[in-house]
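Encoded as structure tokens, the structure appears first; notes follow it.
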Amino acid sequence: MGSFQTPISIYNAVINTMQNEYVLPIFQRAFVWSEYDIEKLFDSIMQGFPINSMLFWQLKSQKENFTSIKFYSFIQQAYERVQNQNEVEIKIEKDVKAVLDGQQRLTALRIGLFGSYWAHIYKKSWECTNRNFLEKKLYICISKTFAGEIKYLFKFKSKEDSNNWADIYEDRNNTGYIWFRVSCIIDLNNNINGIDLDEFLDNHVDVIDKDMRKIVRKLHKVIFIHQSVNFYLEETTSAQTAVEIFNRVNSGGKKLETPDILYAILVSYSNSTNFRKEFSDVEKTSSDKGIPISKYFILKIILFLFHKSVKSSIDSFSKEFCENIEKKWEKIRNCIYESINLLRAFGFYESNLTSYNAVLPIIYYIYHRDIYDDFANVISYKEERKQIKTWLITVLLRRAFGGSSDSTLQSARLAFEPDIENNIYISNSIKEFPVKAINSNISKDLDEVNDEFLSSILNTQKDHKNCFSILSLLYPNLDYKNNNFHKDHLHPDSCYKDLSEEIKKKIKYEQYNSIVNLQMLDGNENESKKDKSLKEWVEECLKEAPDRQAFFKNHIIPDINLELDNYEEFYNTRKSLLMNKLRDLLEN
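Residue numbers for the sequence shown follow the working numbering, beginning at 46 and rising by one.
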């Protein structure tokens, strides 16, 4: 809970940022305002427009739960379009306030009153050096006001344009424009050079007339006298709650997801690992392999591998946890790559991998069994791969990991580690992939293989995203990793129109276009088959097949009359063959 606090002046608010009484949590976005945004804010202040309430989060230095988050100081040197802002880390050694809403405004005020805005020089590099950026300080025109949206004209001026950053000067290019350096009001209020505001104005009576004096005094009032900074102070002790509040008050912009924060925390706590580059490399490599993995899914992998809770929570990524991940990172990365290799060997790509979450138990198994070194290819793991492939296709077809339910993932992992509550870093010895235990934990019906389920599988259409997976399950001995396999109509698709009207009434096109009339063929083989009738193609193949019975069995084709006019018998017989094979595969 929290409450609105007594308003304070702009000067006091900015001083609080400079003394690190106000700090920025790691999940705050970088400063992104332009010169014009800052100039417009100061005009709004001079016109008496409200700044809008800010939201602060009270941090108590003795609260241990804040040690999992890094905090940074505000900047007062901003570089155009360069978001490398919050670089100075702050240790919470006293009670401070973290800014949840108001960072852009407070930073803009600090830059205008104490700092500089560095504008990029055309055609120069974007590296933040004096050669590439031009330093500017904020000035206000005191010689006139304007009608329209902007009444008080503020402009950032370079050293050359402002007569060596003079306190006050007349613009040679705009006759009658007298400019006053905004940061000078700080020096005058604090009597930095032994001159106060009144004395300064008297010393420049030859330049500053009565109306100009009013503008300068008004600037002083809005910065030092007016209590215009309103803020609500949230006193929650939960970082997760603070982020949820942050998202609510920033609903107008891009929502900050918890994974974004976890990623930032992991990056900030790394000592020697460049996680930005490492995560980027995994994203690129996985994309090149056809199964793109985002940094958010990498974080989910980390939680599933090691943490007692698979739910993405800020409290999960403590300093200790992040340091542990850094030590294990190389193995984690290698397991991710090997899991991708395994999926490719199964014939999976982004287009037919309908749930990435279903892959997490496989990654867990590969990691904790230490079999990430060529598990996808070694002959001794052949039976394990077969078991895992059958399980994966089954859960994908059942949509057992549909959506992103953390409770389903939590239940699945309990199959590996039943006593997980007291094990933050899981390192138990795993003997085999626990198919039965996983299925039992996530769904009581997952192991049930009935005719209704099998029929629904066989009704899958050729262009459905599950079609390739089902065919790869039915044809498990094909080398999917090194060869290009096609989904092929046994009776050509173009021949459906040639079926008799009687057969068409019994067997619709959806049944003709289903798994029952499909097989998996090597790309070259499929090209040679083209639109040959099934009977013609089989007869050609049998000429070179040493064993007729083996040919029909391997292709799961019934050894019956394969003429098109016998399609009804073909359909019913092959459906029965496929159902029996699927039942054997899924029940064993």
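Virtual Cβ for every residue (Gly too), placed ideally from N, Cα, C. These figures come from a predicted structure and were not determined experimentally.
Inset, instruction - Taking phenylalanine 320 and leucine 307 to be in contact with their CB atoms under 8 Å, please state how far apart those CB atoms are, rounded to whole angstroms. - result: Here residue 320 refers to the residue found at position 275 when the sequence shown is read from its first residue. Here residue 307 refers to the residue found at position 262 when the sequence shown is read from its first residue. Not confirmed; about 11 Å, so no contact.
Inset, instruction - For the region 539 to 559 and the region 415 to 435, state whether three or more C-beta atom pairs, one from each stretch, are separated by less than 8 Å. - result: Output reads no: the region 415 to 435 does not touch the region 539 to 559.
Legend entry - Identified DSSP bridge partners for aspartate 567: For this step, residue 567 is matched to residue 522 along the sequence shown. Paired residue(s): Phe530.
Legend entry - Helix, strand or coil at leucine 104 according to DSSP, with G and I counted as helix: As a position in the sequence shown, residue 104 is number 59, starting the count at 1. Note: leucine 104 maps to strand in three-state DSSP.
Inset, instruction - Can you tell me which of Ala143, His352 and Tyr81 puts its alpha carbon nearest to the alpha carbon of phenylalanine 276? - result: Looking up residue 276 in the sequence shown gives position 231. Minimum Cα distance to phenylalanine 276 is reached at Ala143.
Legend entry - Residue range of the unbroken alpha helix (DSSP H) whose run includes serine 331: Position 286 of the sequence shown, counted from the start, is the residue given in the question as residue 331. Segment 320 to 333, the alpha helix (DSSP H) holding serine 331.
Inset, instruction - Classify glutamine 455 as helix, strand or coil using the three-state DSSP reduction. - result: Working through the sequence shown from its first residue, we reach residue 455 at position 410. Helix at glutamine 455.
Legend entry - heavy atom of the ligand ATP below 7 Å from serine 488 C-beta: Ligands in the displayed structure: none, and consequently the ligand ATP is not present.
Legend entry - Stretch-stretch touch, CB-based, cutoff 8 Å, three pairs: the region 57 to 72 with the region 232 to 245: Counting C-beta pairs closer than 8 Å gives fewer than three between the region 57 to 72 and the region 232 to 245, which falls short of the contact rule.
Legend entry - Minimum C-alpha distance to glutamate 365 - residue among Tyr314, Phe201, Ile347 and Ser332: To locate residue 365, count along the sequence shown from 1; it is residue 320. Checking every option, the nearest Cα to that of glutamate 365 belongs to Tyr314.
Legend entry - Residues near alanine 287 by beta carbon distance below 8 Å, same chain, minus five either side: Sequence index remark: in the sequence shown, residue 287 carries index 242 (1-based). Cβ within range, chain order: Pro70, Trp102, Ala143, Leu145, Glu279 and Thr281.
Inset, instruction - May I ask you to list the residues that DSSP assigns as paired with leucine 518? - result: Your numbering for residue 518 matches position 473 in the sequence shown. Answer is none; leucine 518 lacks a bridge partner.
Inset, instruction - Would you list the residues sitting across from lysine 136 in a DSSP beta bridge? - result: One-based indexing of the sequence shown puts residue 136 at position 91. According to DSSP, lysine 136 shares a beta bridge with no other residue.
Inset, instruction - Tell me whether the beta-carbon of tyrosine 197 lies closer than 8 Å to the beta-carbon of isoleucine 83. - result: One-based indexing of the sequence shown puts residue 197 at position 152. One-based indexing of the sequence shown puts residue 83 at position 38. No, Cβ-Cβ distance for tyrosine 197 and isoleucine 83 is not below 8 Å.
Inset, instruction - Determine the DSSP secondary structure at glutamate 572, reduced to helix, strand or coil. - result: Reading the sequence shown from its first residue, position 527 is the one you call residue 572. Note: glutamate 572 maps to helix in three-state DSSP.
Inset, instruction - Could you pull the start and end residues of the beta strand (DSSP E) that lysine 181 belongs to? - result: Position 136 of the sequence shown, counting from 1, holds the residue named residue 181. DSSP places lysine 181 in the uninterrupted beta strand (DSSP E) bounded by 178 to 186.
Legend entry - Between the CA atoms of glutamate 371 and aspartate 326 - distance to the nearest angstrom: Along the sequence shown, read from residue 1 onward, the residue named residue 326 stands at position 281. Along the sequence shown, read from residue 1 onward, the residue named residue 371 stands at position 326. Between aspartate 326 and glutamate 371, the C-alpha separation is close to 16 Å.
Legend entry - N-terminal and C-terminal residue of the beta strand (DSSP E) that tryptophan 436 is part of: Locating residue 436 in the sequence shown gives position 391, where the first residue counts as 1. Here tryptophan 436 belongs to no beta strand (DSSP E); instead the alpha helix (DSSP H) covers 427 to 443.
Legend entry - Buried or exposed by the 16-neighbour rule on C-beta atoms within 10 Å, applied to tyrosine 184: Within the sequence shown, the letter at position 139 stands for residue 184. With 16 or more Cβ atoms within 10 Å of its Cβ, tyrosine 184 is classed as buried.
Inset, instruction - Over the uninterrupted beta strand (DSSP E) stretch that includes leucine 278, give me the two end residues. - result: Mapped onto the sequence shown, residue 278 falls at position 233. Looking at the DSSP string, the run of the beta strand (DSSP E) that includes leucine 278 is 276 to 279.
Legend entry - Per DSSP, cross-strand counterpart(s) of serine 559: One-based indexing of the sequence shown puts residue 559 at position 514. Bridge partners of serine 559: Gln506.
Legend entry - Own chain partners of glutamine 587 with C-beta closer than 7 Å, once the 5 adjacent residues on each side are dropped: Walking along the sequence shown from the start, residue 587 turns up at place 542. Here the sequence assigns leucine to residue 587, which means glutamine is not the residue at that position. Once the five neighbours on either side are set aside, the close Cβ partners of leucine 587 are Arg593 and Phe596.
Inset, instruction - Give the straight-line distance between the Cα atoms of leucine 563 and threonine 330, rounded to the nearest whole angstrom. - result: In the sequence shown, the residue the question calls residue 563 occupies position 518. In the sequence shown, the residue the question calls residue 330 occupies position 285. Their Cα atoms are separated by approximately 33 Å.
Inset, instruction - Decide yes or no for the touch test of the region 198 to 205 against the region 170 to 185: beta carbon pairs closer than 8 Å, at least 3 of them. - result: Taking 8 Å as the limit for Cβ pairs, the verdict is that the region 170 to 185 does touch the region 198 to 205.
Legend entry - Closest residue to lysine 322 among Lys340, Ser332 and Asp333 (Cα-Cα distance): If you number the sequence shown from 1, residue 322 lands on position 277. Taking only the C-alpha atoms, the option nearest lysine 322 is Lys340.
Legend entry - Extent of the continuous beta strand (DSSP E) run through glutamine 636: Summary: the structure shown does not reach residue 636, with the chain confined to residues 46 through 633, and so no result is reported for it.
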